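Enquirer:
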Ligand code: C5P
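In my numbering, the protein residues as written are 52 to 276.
1) Considering Cα atoms alone, identify which of 133, 236 and 135 is closest to residue 182.
2) Need the endpoints of the alpha helix (DSSP H) that residue 111 sits in, please.
3) Determine which residues share a DSSP beta bridge with residue 191 and list them.
4) Measuring alpha carbon to alpha carbon, tell me which of 75, 69 and 65 ends up nearest residue 268.
5) Taking the straight line between their C-alpha atoms, what separation do you get for residue 184 and residue 102?
6) At a cut-off of 7 angstroms, is residue 63 close to the ligand C5P when judged by its beta-carbon and the heavy atoms of the ligand?
7) For residue 83, report the span of its alpha helix (DSSP H) as first-last.
8) Have a look at residue 228 and residue 221 and give me their C-alpha separation to the nearest angstrom.
9) Grouping DSSP H, G and I as helix and E and B as strand, with all else coil, what is residue 166?
10) In the DSSP assignment, the beta strand (DSSP E) including residue 125 goes from what residue to what residue?
11) I'd like the list of long-range same chain contacts for residue 156, defined as Cβ closer than 6 angstroms, with 5 residues on each side in sequence excluded.
12) Taking the beta strand (DSSP E) that residue 176 falls in, what are its first and last residues?
13) Taking just the CA atoms, how far does residue 113 sit from residue 201?
14) Compute the Euclidean distance between the alpha carbons of residue 151 and residue 144, then round it to the nearest angstrom.
15) Identify every residue that forms a DSSP beta bridge with residue 115.
16) I want to check one thing, is the minimum distance from the CB of residue 139 to the heavy atoms of the ligand C5P below 7 angstroms?
17) Considering only the alpha carbon of each residue, which of 192, 218, 233 and 199 lies closest to residue 265?
18) Would a C-beta distance cut-off of 8 angstroms place residue 263 and residue 58 closer than the cut-off?
19) Can you tell which of 253, 92, 84 and 149 has the C-alpha that lies nearest to the C-alpha of residue 176?
20) In whole angstroms, what is the alpha-carbon distance linking residue 128 and residue 97?
Have a look at this one:
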């Protein structure tokens with residue numbers, strides 16, 4: 052069973068995917084972490100992040116590992132745990148270059164399919180999971196939320212990590228990321244034609260998870276008939 056959750060930055064996809072996976076006893080894949088990991092490796096190597104060949108060579112020559120441990124996605128590069136480092140603001144700001152490298156996307160999508168093939172049930176989240184990576188997924192969701200609400204959520208998350216950031220600045224950065232995610236030629240951010248669009252602006256995380264869970268259970272019942 053493959054469930055895809057796509058949507059713009061800070062729409063709550065990762066948290067929802069993780070909690071839904073817990074409820075369904077499924078595995079989950081945070082594909083944004085893959086783009087972030089390649090970004091971090093490229094920055095560390097001092098590579099030209101607009102050069103696809105350099106990025107591909109980094110992907111080929113480094114050992115990237117993505118694993119789920121105690122409900123958390125653990126990322127390591129060449130044996131070094133970079134789970135926290137890939138969340139750095141510098142990585143976030145540079146990930147768009149990596150995300151628009153077509154050949155690199157193809158390789159990452161291939162890795163995502165390999166990851167999913169090993170699992171009986173998987174919840175996978177990102178931007179192109181329902182459109183490109185898993186067009187035949189059992190059920191597809193597309194989460195949206197008002198940019199200001201997304202900025203508030205991101206601000207609250209930053210606060211828990213001890214950092215503070217101006218709300219308007221966060222909102223502008225989120226909208227900029229949306230634009231760049233929607234505009235790229237390969238794997239752009241958009242709902243699959245058969246995706247269920249859920250507006251989470253006025254919903255709590257628990258309410259979103261319940262909503263998605265209901266739809267997944269409905270779908271499973273239909274498949275059993
Ligand atoms: O979801 P997250 O913010 O961690 O994603 C980091 C970056 O990776 C995003 O800015 C987005 O451009 C890119 N991404 C992507 N395709 C995916 C997942 C993430 O292009 N499936």
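Note that the Cβ used here is the ideal one computed from N, Cα and C, for glycine as well. Remember, it's a predicted structure, so these values are computed and weren't measured experimentally.
Expert: This is what the structure gives:
1) 236
2) 103-112
3) 55
4) 75
5) 23 angstroms
6) no
7) Boundaries of the alpha helix (DSSP H) around residue 83: 82-96.
8) 11 angstroms
9) The answer is helix: DSSP assigns residue 166 an H, G or I state.
10) Looking at the DSSP string, the run of the beta strand (DSSP E) that includes residue 125 is 123-128.
11) 237 and 238
12) 173-177
13) 34 angstroms
14) 13 angstroms
15) 128
16) Residue 139 Cβ: outside cutoff for every heavy atom of the ligand C5P.
17) 192
18) no
19) 84
20) 16 angstroms
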